[in-house]
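Numbering (the UniProt record's numbering), first residue to last: 1 to 158.
The beta carbon of each residue, even a glycine, is placed where N, CA and C say it ideally should be.
What follows is one structure encoded as structure tokens, with my remarks underneath.
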């Protein structure tokens, strides 16, 4: 049996249990999971749906790079990250992060670190469909809108 890919960009709905199973190890006493979902209101504006786009091969490489950072900061930790792309409706899961560790403190800290790093360096963009229009968001920190209305070739953040 081949090992399941731990860092994945997918168009399919995410199975949280599948992501968790990728990090289960006999020597670990803690598993933390983060699920990022599509919320209905952002800063008082009603969201209808989101559309995520990614530079898939680079995004998966950057997720693996985040794993290396985590391994250096928290030895003994195992991570798995799956991010969905495509159209997501309100309450659907956009990202699942699972972290296993011998002890809970490292698992909690690593999980929080991972979501922040994803937002900083992974080439994933989202188009927000509001009740009154749409907006491309140029980074996952939600600070850089695209004035051209969409990511341009070669555009990245970080």
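- In this structure, the beta-carbon distance from residue 82 to residue 137 does not fall below 7 Å.
- When DSSP states are grouped into helix, strand and coil, residue 4 belongs to the coil group.
- Going by C-alpha positions, residue 106 is about 18 Å away from residue 64.
- Counted as a single uninterrupted DSSP element, the beta strand (DSSP E) harbouring residue 95 occupies residues 93-101.
- In the structure shown, residue 126 falls within a strand segment according to DSSP collapsed to helix, strand and coil.
- A straight line joining the alpha-carbon of residue 125 with that of residue 57 spans about 14 Å.
- Of all C-beta pairs linking the segment 82-97 to the segment 4-24, three or more are shorter than 8 Å, placing the two stretches in contact.
- In this structure residue 37 is not in contact with residue 130, their Cβ atoms being roughly 17 Å apart against a cut-off of 8 Å.
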